[in-house]
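Enquirer: Before anything else, here's the structure in question.
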Amino acid sequence: MKVEIYADVLCPWCYIGKRRLAAALSTLADPKSVELVWRSFELAPEVSGIPGETAAEAMVGWWGDEAPSRIARIRSLGATEGLELNMHLSRPVSTFDAHRLSKLAADRGRADQMMELLLHAYHTEGLNLADPHVLQRLGREAGLDADEMSAVQAGDEYAEHVRADRRRGAEHGVTGVPTLVIDGGTPVSAVQPISDLRQLLEPNGAGSQGVPL
Numbered sequence: 005m006k007v008e009i010y011a012d013v014l015c016p017w018c019y020i021g022k023r024r025l026a027a028a029l030s031t032l033a034d035p036k037s038v039e040l041v042w043r044s045f046e047l048a049p050e051v052s053g054i055p056g057e058t059a060a061e062a063m064v065g066w067w068g069d070e071a072p073s074r075i076a077r078i079r080s081l082g083a084t085e086g087l088e089l090n091m092h093l094s095r096p097v098s099t100f101d102a103h104r105l106s107k108l109a110a111d112r113g114r115a116d117q118m119m120e121l122l123l124h125a126y127h128t129e130g131l132n133l134a135d136p137h138v139l140q141r142l143g144r145e146a147g148l149d150a151d152e153m154s155a156v157q158a159g160d161e162y163a164e165h166v167r168a169d170r171r172r173g174a175e176h177g178v179t180g181v182p183t184l185v186i187d188g189g190t191p192v193s194a195v196q197p198i199s200d201l202r203q204l205l206e207p208n209g210a211g212s213q214g215v216p217l
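Throughout, this note's numbering is defined as the position within the sequence shown, counted from one, plus 4.
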């Protein structure tokens with residue numbers, strides 16, 4: 005079974021979804037029967053690499069008076085999965101180079117480690133994921149070669165891979181993240197109860213309904 009997960013490291017739901025998906029996979033009789041492929045999906049391609057307002061401040065702009073309760077809900081759901089989601093620290097920036105780095109990591113068999121480090125750096129530590137020095141450090145922690153990373157950062161390698169993922173997602177009907185596409189089927193939310201995700205991942209699994217974010 006091939007499971008494509010469309011995600012952006014700016015999205016706290018993607019971190020929650022990653023945790024739940026990992027938990028669901030761990031309950032399968034044969035987790036290795038699932039090929040997990042991370043797909044890039046930039047939520048804000050127009051954003052620059054210079055940090056501005058925090059994610060929490062941006063949420064106030066989106067949701068107004070509802071923002072505090074929505075933020076509290078996200079933080080609570082994250083804590084349930086063992087995550088510390090610090091939206092008062094994280095500052096949205098361009099994730100294009102972070103996605104390129106994750107593509108290099110995928111080619112080296114380290115995509116999951118790279119995504120974990122990127123998500124933790126942004127959502128927990130509040131680091132700038134557009135900063136090449138931050139990306140270099142995280143890449144080294146994931147086991148990537150420093151010279152290889154420098155070569156990627158200095159050029160446009162993997163840029164087309166990131167853009168191709170967005171086109172692929174549009175072809176499959178992906179409109180947000182985190183979204184799963186299982187064996188080319190209908191997109192479903194990755195933020196579902198672990199038991200429901202497990203059912204989707206079982207051979208001939210039933211159920212295809214996402215849950216509202």
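A virtual CB, placed ideally from N, CA and C, is assigned to each residue, including glycine.
Could you pull out every residue in the same chain whose Cβ sits closer than 7 Å to the Cβ of ALA102, ignoring the five residues on either side in sequence?
Expert: Locating residue 102 in the sequence shown gives position 98, where the first residue counts as 1. Hits under 7 Å: VAL13, LEU122, LEU133, LEU139.
Enquirer: Alpha carbon to alpha carbon, what distance is there between VAL166 and LEU148?
Expert: Within the sequence shown, numbered from 1, the residue matching residue 148 stands at position 144. Within the sequence shown, numbered from 1, the residue matching residue 166 stands at position 162. Each residue's alpha carbon lies about 19 Å from the other.
Enquirer: Going by DSSP in three states, LEU14 sits in which element: helix, strand or coil?
Expert: To locate residue 14, count along the sequence shown from 1; it is residue 10. Here LEU14 sits in coil by DSSP.
Enquirer: Take ALA115 as the anchor and find which of GLY53, LEU40, ALA150 has the nearest alpha-carbon.
Expert: Working through the sequence shown from its first residue, we reach residue 115 at position 111. Out of GLY53, LEU40, ALA150, LEU40 has the C-alpha closest to the C-alpha of ALA115.
Enquirer: List the DSSP bridge partners of VAL178.
Expert: Counting from one through the sequence shown, the residue named residue 178 turns up at place 174. Per DSSP, none; premise fails for VAL178.
Enquirer: For GLY159 and LYS107, what's the separation of their Cα atoms in angstroms?
Expert: Locating residue 159 in the sequence shown gives position 155, counting from the first residue. Locating residue 107 in the sequence shown gives position 103, counting from the first residue. Cα-Cα distance, rounded: 14 Å.
Enquirer: If you count every other CB in all the chains shown that lies within 10 Å of the CB of GLU222, and 16 or more means buried, which is it?
Expert: Any property of residue 222 remains undetermined from this structure, which presents the chain solely from 5 to 217.
Enquirer: For LYS36, is the classification buried or exposed, using 16 other Cβ atoms within 10 angstroms of its Cβ as the cut-off for buried?
Expert: Within the sequence shown, residue 36 is the residue found at index 32, counting from 1. Per the 10 Å Cβ criterion, exposed.
Enquirer: Please work out which residues of its chain come closer than 7 Å, Cβ to Cβ, to ALA28, disregarding the five sequence neighbours upstream and downstream, and give them in chain order.
Expert: To locate residue 28, count along the sequence shown from 1; it is residue 24. Excluding positions up to five away in sequence, the list reads ILE198, LEU201, ARG202, LEU205.
Enquirer: On the DSSP letters alone, give me the boundaries of the alpha helix (DSSP H) that VAL156 sits inside.
Expert: The residue labelled residue 156 in the question sits at position 152 within the sequence shown. First-last of the alpha helix (DSSP H) with VAL156: 150 to 158.
Enquirer: Kindly give me the distance between the Cβ atoms of VAL97 and GLY53, rounded to whole angstroms, as I take these residues to be in contact under 8 Å.
Expert: Here residue 97 corresponds to residue number 93 of the sequence shown, with the count starting at 1. Here residue 53 corresponds to residue number 49 of the sequence shown, with the count starting at 1. Confirmed, about 5 Å.
Enquirer: If you draw a straight line from the alpha carbon of PRO182 to that of TYR10, how long is it in whole angstroms?
Expert: One-based indexing of the sequence shown puts residue 182 at position 178. One-based indexing of the sequence shown puts residue 10 at position 6. Taking the straight line joining both Cα atoms gives about 6 Å.
Enquirer: By Cβ distance, which residues of its chain are closer than 6 Å to ARG74, with the 5 residues on each side in sequence left out?
Expert: Locating residue 74 in the sequence shown gives position 70, where the first residue counts as 1. TRP67.
Enquirer: If you draw a straight line from the alpha carbon of LEU131 to that of GLY143, how long is it in whole angstroms?
Expert: The residue labelled residue 131 in the question sits at position 127 within the sequence shown. The residue labelled residue 143 in the question sits at position 139 within the sequence shown. Rounded to whole angstroms, LEU131 to GLY143 spans 14 Å at the Cα level.
Enquirer: Here's the rule: buried if 16 or more other CB atoms are within 10 angstroms of the residue's CB, otherwise exposed. What is ALA125?
Expert: As a working note, residue 125 is residue 121 in the sequence shown. Buried, because 16 or more other Cβ atoms sit within 10 Å of the Cβ of ALA125.
Enquirer: How long is the line joining the alpha carbons of GLU57 and PRO49, rounded to whole angstroms?
Expert: Numbered from its first residue, the sequence shown carries residue 57 at position 53. Numbered from its first residue, the sequence shown carries residue 49 at position 45. Each residue's alpha carbon lies about 16 Å from the other.
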